[in-house]
DNA sequence: GCAACTATACTGACTAGTCAGTACAAAGAC
DNA sequence: GTCTTTGTACTGACTAGTCAGTATAGTTGC
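Residue numbers (the working numbering), protein chains in the order written: chain A, 1 to 192; chain B, 1 to 192.
Now the structure itself:
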């Protein structure tokens with residue numbers, strides 16, 4: 001699963017940029033070849049189909065993200081884990097906004113050939129958040145299954161705020177965005 | 001802006017169901033006609049183009065949602081507003097999951113002919129959440145622009161948790177999902 | 001009572017164009 | 001001398017949109 005270089009890299013980069021602009025279905029293989037500056041034949045020499053190309057793209061992006069989240073959580077303890085995950089996720093969204101847009105658009109689709117891949121990724125990401133939530137609030141969750149839903153909440157909050165930030169107000173400092181997301185969880189809104 | 005009936009209704013319903021399964025780009029007009037049980041010509045008699053059809057679809061769904069959120073907030077005060085908005089949004093997502101899936105997949109796209117419509121909707125929804133946040137935490141927000149980001153966080157948390165719920169564990173009672181989302185904001189995760 | 005006309009809704013075969021994928025001869029790269 | 005890439009032409013299935021014609025229910029004139 002080494003990060004591709006050379007022609008494969010150009011193709012993946014071009015495909016990602018285009019998919020972020022027009023969606024995967026709206027991106028044609030001719031477009032990808034042109035933007036990558038390679039011949040169309042090279043696309044099919046390196047990837048067996050359009051589906052495989054985009055599957056590879058998502059797999060690569062998702063692996064990098066889960067890896068980053070895993071490391072962020074491993075380096076911290078207790079309540080700081082949530083903060084570390086939120087900070088890391090926001091940094092990743094900023095560092096690769098096109099990927100974040102594509103993932104956000106794909107995450108609820110249930111009809112893709114790479115669904116399996118995508119669900120596994122989703123599971124891993126939520127597992128990191130769930131583990132951080134257990135660390136922060138004690139493992140004695142009141143309702144069974146609620147940790148996973150809370151993990152989805154924290155992930156969804158960060159993703160939505162991150163894209164809101166980068167699409168509509170990209171000049172705002174990253175630290176302010178981290179603060180805003182964490183403030184949402186601080187108890188000021190719904191302390192029991 | 002009366003809710004269409006008859007043929008228009010069948011077409012919109014079919015288009016929504018298909019778009020939730022395959023995305024808008026992945027849905028063909030022939031598919032829509034077949035599922036709606038009408039001839040393809042009727043699609044074009046009732047809507048001038050595929051884009052207009054889906055714009056109408058999103059507009060209808062988004063109007064109903066903002067209206068519901070507005071009412072929910074108007075009926076409550078203080079911190080209960082957040083809870084009312086989260087509850088209402090989750091109920092709507094459950095009541096029309098296909099629409100929620102389509103909106104979730106569209107909300108970050110910046111290349112659609114109906115972008116204006118979509119951004120306006122986004123703005124209205126976030127305005128409701130922002131108003132509730134102001135009510136809950138006092139208008140003296142620490143960082144300029146942070147209320148909008150917090151609104152995006154709360155909205156994103158609810159949307160992600162709602163779809164997680166309905167796609168992966170639809171038998172879980174709605175009340176548990178509301179609790180889980182609100183628990184995320186309770187301060188147990190990141191109380192300062 | 002009925003023929004002629006109008007308005008509206010709908011039909012489905014058809015057109016013009018698009019796009020994933022293929023073919024293959026030639027040229028670099030290592 | 002094999003692996004990779006190029007360039008270009010091509011195929012065939014698919015798709016948005018069109019349009020001449022049909023169905024039906026009024027309405028008007030006589």
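Think of the CB as a built atom: it goes at the ideal place given N, C-alpha and C, for glycine as much as any other residue. Every value quoted in this text rests on a predicted model; they were computed, and no experiment measured them.
Is residue i buried or exposed, if buried means 16 or more other CB atoms sit within 10 Å of its CB?
i: residue 67 of chain B; result: exposed
i: residue 15 of chain B; result: buried
i: residue 116 of chain A; result: exposed
i: residue 28 of chain B; result: exposed
i: residue 156 of chain A; result: buried
i: residue 192 of chain B; result: Here the model assigns residue 192 of chain B a pLDDT of 48, short of 50, so the residue's position is not dependable and the matter cannot be decided.
i: residue 92 of chain B; result: buried
I need the straight-line Cα distance from residue i to residue j, nearest angstrom please.
i: residue 7 of chain B; j: residue 65 of chain B; result: 23 Å
i: residue 18 of chain B; j: residue 102 of chain B; result: 10 Å
i: residue 12 of chain A; j: residue 58 of chain B; result: 32 Å
i: residue 132 of chain B; j: residue 187 of chain A; result: 14 Å
i: residue 31 of chain B; j: residue 177 of chain A; result: 43 Å
i: residue 184 of chain B; j: residue 87 of chain A; result: 17 Å
i: residue 48 of chain B; j: residue 41 of chain B; result: 11 Å
i: residue 169 of chain A; j: residue 118 of chain B; result: 17 Å
i: residue 20 of chain B; j: residue 96 of chain B; result: 10 Å
i: residue 5 of chain B; j: residue 26 of chain B; result: 25 Å
i: residue 76 of chain A; j: residue 134 of chain A; result: 14 Å
i: residue 35 of chain B; j: residue 53 of chain B; result: 15 Å
i: residue 63 of chain B; j: residue 71 of chain A; result: 42 Å
Compare the beta carbon distance of residue i and residue j with 8 Å and say whether it is the shorter of the two.
i: residue 130 of chain B; j: residue 148 of chain B; result: yes
i: residue 189 of chain B; j: residue 82 of chain A; result: yes
i: residue 163 of chain B; j: residue 108 of chain A; result: yes
i: residue 154 of chain B; j: residue 69 of chain B; result: no
i: residue 145 of chain B; j: residue 174 of chain A; result: no
i: residue 98 of chain A; j: residue 55 of chain A; result: no
i: residue 105 of chain B; j: residue 61 of chain A; result: no
i: residue 111 of chain A; j: residue 73 of chain B; result: no
i: residue 94 of chain A; j: residue 43 of chain A; result: no
i: residue 128 of chain B; j: residue 85 of chain B; result: yes
Could you work out which residue in the options is closest to residue i when comparing CA atoms only?
i: residue 123 of chain B; options: B:97, B:137, B:104, B:152; result: B:152
i: residue 78 of chain A; options: A:137, A:46, A:21; result: A:137
i: residue 39 of chain B; options: B:25, B:52, B:150, B:10; result: B:10
i: residue 24 of chain A; options: A:76, A:3, A:4, A:50; result: A:50
So for residue i, helix, strand or coil by DSSP?
i: residue 49 of chain A; result: coil
i: residue 25 of chain B; result: coil
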